[in-house]
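Numbered per the working numbering, the sequence shown spans residues 1 to 351. Glycine is no exception: its CB is placed at the ideal position from the N, C-alpha and C atoms. Since this is a predicted model, take the numbers as computed values, not measurements.
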Amino acid sequence: MKVLVIGAGAIGACAALRLAEAGAQVTVMSRDEPLDTLSAHSFGWANAIDEKNSAYFELSIEALAAQERLAADVAGPRQWLFRQGNLHWGRDSASAAAQRAIADGYRELGYPVEELTPEEVIRDLEPGLALENVTGPVYFYPRDMHVLGDVLLPAVLDRARAAGADVRIGEQVESLDAVRADAVLCCAGRGNATLLPGLPLLPPGAPERLTRGLLVRTTPVSAPPNRIIHAPGLSIRPHTGNRLVLHCHDLDHTLTESSDVAALAEMALARLPEVLPGAADAEVEKAFVSVRPMPRDGMSIVGAVPGRNGVYVIATHSGLTLAPLLGEIAAREVLGDPHPLAEPFQLTRFA
Ligand SMILES: Cc1cc2nc3c(=O)[nH]c(=O)nc-3n(C[C@H](O)[C@H](O)[C@H](O)COP(=O)(O)OP(=O)(O)OC[C@H]3O[C@@H](n4cnc5c(N)ncnc54)[C@H](O)[C@@H]3O)c2cc1C
1 MKVLVIGAGA
11 IGACAALRLA
21 EAGAQVTVMS
31 RDEPLDTLSA
41 HSFGWANAID
51 EKNSAYFELS
61 IEALAAQERL
71 AADVAGPRQW
81 LFRQGNLHWG
91 RDSASAAAQR
101 AIADGYRELG
111 YPVEELTPEE
121 VIRDLEPGLA
131 LENVTGPVYF
141 YPRDMHVLGD
151 VLLPAVLDRA
161 RAAGADVRIG
171 EQVESLDAVR
181 ADAVLCCAGR
191 GNATLLPGLP
201 LLPPGAPERL
211 TRGLLVRTTP
221 VSAPPNRIIH
231 APGLSIRPHT
241 GNRLVLHCHD
251 LDHTLTESSD
261 VAALAEMALA
271 RLPEVLPGAA
281 DAEVEKAFVS
291 VRPMPRDGMS
301 IVGAVPGRNG
311 VYVIATHSGL
321 TLAPLLGEIA
331 AREVLGDPHP
341 LAEPFQLTRF
351 A
């Protein structure tokens, strides 16, 4: 069976690998270099997702298991999956109460959350953090992971090539009408909205959910943290070569097409010394702005496109968390074997 996979971000790469392994004759066409995609710059927190939807929670739990399967199958020279957990805390009574509510929600779902004192965090986990202004406990989510998209992508694409996939970078698909294949799998991120007009993705700046996002990569620091840190106002992820990736939700809310991205990146960086004093000399190495491929209801779109024979689409936020699993699911479904976890995420739910 000839399958065209459109896109070589995390979703397309993982799907291409699993399809090629399953015996499909796979061609991947990608407009951008893999290292220029959103996936390569993403914050890369891989976690259970509590959107108060049990099917989505189950999908994300299985996705964490799929991360392990992928890491075992594609053990490259550089590690991309880190099983260090994630820390969250509040700075005042309101943010502490919000963190407690989130932690309680996860506990109700049976997902482990530990409560630590600042002293315990500094002694056992992150000696470089400044935790004088913490209100309430520090919440530690030990099963959360982080994924380095820019390490994962080349490794998974190389393995897909070795399994027989023809990966063509720099080739944009203008229209699905011209495609000659038995099946087409659209994994084009935001580009899916152009390939499939009417796909229910939120437009940039939509008020319902955060779409635009800024990710800031720093120069190397002397003592990076070991894990993802969600401090109030600043999220930090360790990156390759002792660099950090920074993300600020509140700054994302201010982003428009005409934002001064360099100034916003400096604002994110200015928050760093308060959380990680040892990183005070870090500089901005790269600021990357993107629009999340955010389905209208916030949950993944996975499945056949109604009325388009042989066309299948995956469009999702949390794509670094979900890619290894969605790749497995897509390979099964495109080859004609429905996957039970994907059933609630079909496009027909928007009809
Ligand atoms: C600020 C921010 C923080 C985030 N944090 C997290 C997080 O912590 N954890 C998490 O799991 N997710 C996170 N995400 C979401 C995650 O990054 C995305 O869900 C994921 O990267 C989407 O992967 P993708 O493969 O679908 O798309 P992309 O990585 O965008 O790749 C799309 C591919 O399609 C190609 N393409 C597009 N159009 C065409 C065309 N017409 N023809 C050929 N090729 C085409 C592109 O060249 C590219 O190769 C975050 C996103 C943002 C913006």
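Pair within 8 Å by beta-carbon distance, residue i and residue j
{"i": "G310", "j": "T256", "result": "no"}
{"i": "P220", "j": "R237", "result": "no"}
{"i": "L325", "j": "A66", "result": "yes"}
{"i": "L116", "j": "I6", "result": "no"}
{"i": "Y312", "j": "A323", "result": "no"}
{"i": "S42", "j": "G164", "result": "no"}
{"i": "V28", "j": "A16", "result": "yes"}
{"i": "A287", "j": "A270", "result": "no"}
{"i": "I228", "j": "N86", "result": "yes"}
{"i": "K2", "j": "A181", "result": "yes"}
{"i": "V74", "j": "R159", "result": "yes"}
{"i": "A178", "j": "P277", "result": "no"}
{"i": "L341", "j": "I329", "result": "yes"}
{"i": "G136", "j": "D50", "result": "no"}
{"i": "A280", "j": "A22", "result": "no"}
{"i": "V173", "j": "L195", "result": "yes"}
Boundaries of the beta strand (DSSP E) in which residue i is found, first to last residue
{"i": "V322", "result": "The residue you asked about is not Val; residue 322 is Leu in the sequence shown. Not the beta strand (DSSP E): L322 falls in the alpha helix (DSSP H), residues 319-334."}
{"i": "I301", "result": "301-304"}
{"i": "V5", "result": "2-6"}
{"i": "I314", "result": "311-315"}
{"i": "E266", "result": "First-last for E266: 261-270, but that is the alpha helix (DSSP H), not the beta strand (DSSP E)."}
{"i": "E115", "result": "114-116"}
{"i": "R212", "result": "212-218"}
{"i": "A353", "result": "Any property of residue 353 remains undetermined from this structure, which presents the chain solely from 1 to 351."}
{"i": "M294", "result": "From DSSP, M294 is part of no beta strand (DSSP E); its letter is neither H nor E."}
Among the options, the one whose alpha carbon lies nearest that of residue i
{"i": "S30", "options": "P112, L129, A8, D252", "result": "A8"}
{"i": "C248", "options": "H239, L264, D260, I169", "result": "L264"}
{"i": "A268", "options": "A282, A10, Q172", "result": "A282"}
{"i": "G198", "options": "V147, I301, D32, L234", "result": "I301"}
{"i": "V401", "options": "S258, L246, D260, V275", "result": "Residue numbering for the chain in the displayed model covers 1 to 351; residue 401 lies beyond these limits and cannot be assessed."}
{"i": "D252", "options": "T218, S290, G213", "result": "G213"}
{"i": "L335", "options": "L196, A183, S259, G298", "result": "A183"}
{"i": "V289", "options": "G170, G307, N47, S259", "result": "S259"}
{"i": "Q79", "options": "L153, D104, R91, D124", "result": "L153"}
{"i": "P295", "options": "P224, L201, T348, L196", "result": "L201"}
{"i": "G76", "options": "E33, A24, A155", "result": "A155"}
{"i": "H239", "options": "G233, A231, A223", "result": "A223"}
{"i": "E266", "options": "N226, L215, P306", "result": "L215"}
Burial state of residue i (16 or more Cβ within 10 Å)
{"i": "A162", "result": "exposed"}
{"i": "R69", "result": "exposed"}
{"i": "H88", "result": "buried"}
{"i": "F404", "result": "For the chain, the structure presents residues 1 to 351; residue 404 sits outside this window and is missing."}
{"i": "D250", "result": "exposed"}
{"i": "S60", "result": "buried"}
{"i": "D144", "result": "buried"}
{"i": "H146", "result": "buried"}
{"i": "T316", "result": "buried"}
{"i": "E119", "result": "exposed"}
{"i": "T218", "result": "buried"}
{"i": "A101", "result": "exposed"}
{"i": "A24", "result": "buried"}
{"i": "E126", "result": "buried"}
Host alpha helix (DSSP H) of residue i (start-end)
{"i": "Y56", "result": "54-73"}
{"i": "E356", "result": "Residue 356 lies beyond the stretch modelled for the chain, which goes from 1 to 351, so this question has no answer here."}
{"i": "Y106", "result": "93-108"}
{"i": "T194", "result": "192-195"}
{"i": "S39", "result": "38-41"}
Cβ-heavy atom distance, residue i to ligand 3, below 7 Å
{"i": "M267", "result": "By its list of ligands, the structure shown excludes ligand 3, since it contains just ligand 1."}
Q. Can you give, in chain order, each stretch of the beta strand (DSSP E) that sits fully within the segment 223-259 and has at least 3 residues?
A. Listed in chain order, the complete beta strand (DSSP E) runs (minimum 3 residues) inside the segment 223-259 are 228-231, 234-238, 244-247.
(Q) Which runs of the alpha helix (DSSP H) at least 4 residues long sit entirely within the segment 129-185? Give them in chain order. (A) DSSP runs (the alpha helix (DSSP H)) wholly in the segment 129-185: 149-162.
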